[in-house]
Amino acid sequence: MKLSLPCRSLATAALLALHAGAAFQADAQIVQIATGTPNTPLYAVGPIYMSSTLFYRYSRFAYLYTQAELAAAGIVPGTDILAVGWMKSTPNSTAGPALFNIYMKNTFAAAYADPTTTWAGLTIGAVQVYSEPAQSIPATASPDYIDFTLDTPFNYSGGSLEIFTEWDISGPPAPIATGAFEWVNTTVVDRIYASGNTSLPATLSSTTNNTNIDNRRPVIQFTVQGGTTAIPDLLSTSIGIWPNPAEDLLYISNKSGAPLESIVITDALGKVVLNERPVGVITDHQIDLGEFDPGAYLIRLETGLGPVVKRVTVL
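Numbering (the numbering used here), first residue to last: 32 to 346.
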């Protein structure tokens with residue numbers, strides 16, 4: 032049962048309130064980068080290596096996004112990245128627990144053109160933006176994004192952006208998942224280094240990861256805030272949520288006139304905790320938070336005019 036606020040420590044309440052007032056105050060927006068030609072889904076392009084054999088328990092991936100790609104998506108210098116998500120085309124899941132880390136860095140790299148390179152060299156200057164020692168990956172619709180809310184927003188300052196992921200599921204007994212994780216990807220030249228193995232790999236390849244990955248990179252979406260120039264925000268201003276922070280009930284006000292097609296709420300680990308599909312044009316909607324644990328959540332509202340993303344803290 033969810034505890035009432037007086038039963039919780041004042042320190043916890045103060046921390047959550049501060050978190051809500053700072054990181055979650057402004058509305059967030061979602062952009063996607065899917066540069067290149069669509070390719071068949073593939074487990075080996077990551078961000079997590081999980082083949083049908085469920086044999087390799089470790090993987091590391093590196094992805095490069097050029098300034099032109101970022102600008103085309105509306106990400107300009109000064110943009111804060113709040114979350115990243117990759118599209119998984121299979122509904123398979125893992126209960127973990129796994130260690131999953133994400134790192135980012137601003138860079139002037141133009142391509143990942145070497146046949147191989149070292150993880151140590153790639154990650155020089157990178158900032159760890161996400162770390163979860165008990166990561167699970169939920170069953171999802173197929174395909175659907177798996178989102179990861181960053182521990183600390185990452186500020187894109189210009190140039191290219193490099194993103195690195197690190198996966199270690201060495202602890203749990205077999206089977207470590209219900210099946211392969213096939214990731215939606217595109218063909219784009221020199222944008223990936225990868226390796227899955229029986230231990231954390233020190234060297235990554237741009238062409239092979241137990242199968243061909245040459246010039247393939249998974250589709251990614253960013254939840255961003257501030258600095259964007261190419262993202263319309265009319266929907267965001269006409270759809271609101273309150274109160275925030277919230278405790279028992281959350282209200283959604285839709286003044287856009289566009290049908291609210293779905294409401295999806297994910298927790299900080301990317302797990303979908305609510306998925307509703309309202310019928311018709313709803314101006315006001317109420318969500319019962321009685322079963323929600325305290326913490327930060329991402330609310331994705333799909334409308335007839337596009338998606339809107341909000342953030343809320345549950346006390």
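C-beta atoms are modelled at their ideal positions from N, C-alpha and C, and glycine is treated no differently.
Smallest Cα separation from V115: which of V62, L73, A75 and P309? For the purposes of this step, residue 115 is taken as residue 84 along the sequence shown, with counting starting at 1. Distance check between V115 and each of V62, L73, A75 and P309 places V62 closest, using alpha-carbon atoms only.
Rounded to a whole number of angstroms, what is the C-alpha to C-alpha distance between P122 and V215? Position 91 of the sequence shown, counted from the first residue, corresponds to residue 122. Position 184 of the sequence shown, counted from the first residue, corresponds to residue 215. If you draw a straight line from the Cα of P122 to the Cα of V215, it comes to about 13 Å.
Assuming T171 contacts I177 (C-beta within less than 8 Å), just tell me the rounded distance between them. On the sequence shown, residue 171 is found 140 positions in, with the first residue counted as 1. On the sequence shown, residue 177 is found 146 positions in, with the first residue counted as 1. Distance from T171 to I177 at the Cβ level is roughly 7 Å; contact confirmed, criterion being Cβ atoms closer than 8 Å.
Pull up the distance between the alpha-carbon of T238 and that of A225, whole angstroms please. By one-based count along the sequence shown, residue 238 stands at place 207. By one-based count along the sequence shown, residue 225 stands at place 194. Straight-line Cα distance between these residues: approximately 8 Å.
What residue range does the alpha helix (DSSP H) around E355 cover? A question about residue 355 goes unanswered here, because the residues of the chain that appear run from 32 up to 346.
Cβ-Cβ distance between N240 and A75 below 8 Å: Along the sequence shown, one-based indexing puts residue 240 at 209. Along the sequence shown, one-based indexing puts residue 75 at 44. In contact: N240 and A75 (Cβ atoms closer than 8 Å).
Pull up the DSSP beta-bridge partners for D319, would you. As a position in the sequence shown, residue 319 is number 288, starting the count at 1. Paired residues: L280.
Let me make sure I understand the geometry here. Which of R342, G326, L235 and V220 has the alpha-carbon closest to that of W273? Along the sequence shown, one-based indexing puts residue 273 at 242. That would be R342, whose Cα lies nearest to the Cα of W273.
How long is the line joining the alpha carbons of V339 and Q159, rounded to whole angstroms? For the purposes of this step, residue 339 is taken as residue 308 along the sequence shown, with counting starting at 1. For the purposes of this step, residue 159 is taken as residue 128 along the sequence shown, with counting starting at 1. Going by the C-alpha atoms only, they are around 27 Å apart.
Taking C-alpha atoms, which residue in D145, G288, D175 and N275 lies nearest to I318? In the sequence shown, counting from the first residue as 1, residue 318 sits at position 287. It is N275.
For S90, which residues does DSSP report across the bridge? Against the sequence shown, residue 90 aligns to sequence position 59. Note: S90 sits in a beta bridge opposite W198 and G227.
Within 10 angstroms of the Cβ of A208, are there 16 or more other Cβ atoms? Answer buried if so, exposed if not. If you number the sequence shown from 1, residue 208 lands on position 177. A208 comes out buried.
If we count the other Cβ atoms within 10 Å of its Cβ and call it buried at 16 or more, is P232 buried or exposed? Here residue 232 refers to the residue found at position 201 when the sequence shown is read from its first residue. So P232 counts as buried.
Y161 - DSSP class collapsed to helix/strand/coil: By one-based count along the sequence shown, residue 161 stands at place 130. Correct three-state label for Y161: strand.
Under 8 Å between the Cβ atoms of T147 and T242? On the sequence shown, position 116 is the one that residue 147 refers to. On the sequence shown, position 211 is the one that residue 242 refers to. No; because the gap between Cβ atoms is not below 8 Å, this pair is not in contact.
For S269, which of helix, strand or coil comes out of DSSP? Position 238 of the sequence shown, counted from the start, is the residue given in the question as residue 269. DSSP places S269 within a helical segment (H, G or I) once states are collapsed to three.
Rounded to the nearest angstrom, how far is the Cβ of F212 from that of I79, given a contact under 8 Å? Stepping through the sequence shown from its first residue, residue 212 is reached at position 181. Stepping through the sequence shown from its first residue, residue 79 is reached at position 48. About 6 Å; that satisfies the 8 Å criterion.
Provide the residue span of the beta strand (DSSP E) that contains G326, from first to last. Taking the sequence shown and counting its residues from 1, the one referred to as residue 326 is at position 295. First-last of the beta strand (DSSP E) with G326: G326 to T334.
For the stretch 324-331 against the stretch 289-297, are there 3 or more C-beta pairs whose distance is under 8 Å? Using a Cβ-Cβ distance cut-off of 8 Å, the stretch 324-331 and the stretch 289-297 are in contact, since at least three pairs of beta carbons, one from each stretch, lie closer than that value.
Indicate the three-state DSSP secondary structure (helix, strand or coil) for Y143 in the structure shown. Translated into the one-based positions of the sequence shown, residue 143 becomes position 112. Coil.
Would you call the CB atoms of A93 and I64 closer than 8 Å? On the sequence shown, position 62 is the one that residue 93 refers to. On the sequence shown, position 33 is the one that residue 64 refers to. Going by beta carbons, A93 and I64 fall outside the 8 Å limit.
By how many angstroms is the C-alpha of P72 removed from the C-alpha of N285? In the sequence shown, the residue the question calls residue 285 occupies position 254. In the sequence shown, the residue the question calls residue 72 occupies position 41. One C-alpha to the other measures close to 36 Å.
Skipping 5 residues on each side, what residues in its chain have a beta carbon closer than 6 Å to that of D111? For the purposes of this step, residue 111 is identified with residue 80 of the sequence shown, where counting begins at 1. So the list reads P184, N186, Q256 and G257, once near-sequence residues are dropped.
Please state whether the Cβ-Cβ distance between L347 and V304 is less than 8 Å. Because residue 347 is not part of the residues shown, which for the chain are 32 to 346, the question remains open.
Please classify I155: is it buried, with 16 or more other beta-carbons within 10 angstroms of its beta-carbon, or exposed? As a working mapping, residue 155 is identified with position 124 in the sequence shown. Exposed is the call here.
Close beta carbons around N306, own chain, < 6 Å, minus the five adjacent residues each side: Locating residue 306 in the sequence shown gives position 275, where the first residue counts as 1. Within the same chain, Cβ atoms closer than 6 Å to the Cβ of N306 are found at V295, the five residues on either side in sequence being excluded.
Identified DSSP bridge partners for W117: On the sequence shown, residue 117 is found 86 positions in, with the first residue counted as 1. Answer is I177 and I251, bridged to W117.
Can you tell which of V219, A140 and I244 has its C-alpha closest to the C-alpha of L153? In the sequence shown, counting from the first residue as 1, residue 153 sits at position 122. Nearest option by C-alpha distance: A140.
CA nearest to the CA of T334, picked from S269, Q98 and S162: Mapped onto the sequence shown, residue 334 falls at position 303. A check of alpha carbon separations from T334 across S269, Q98 and S162 identifies S269 as the nearest.
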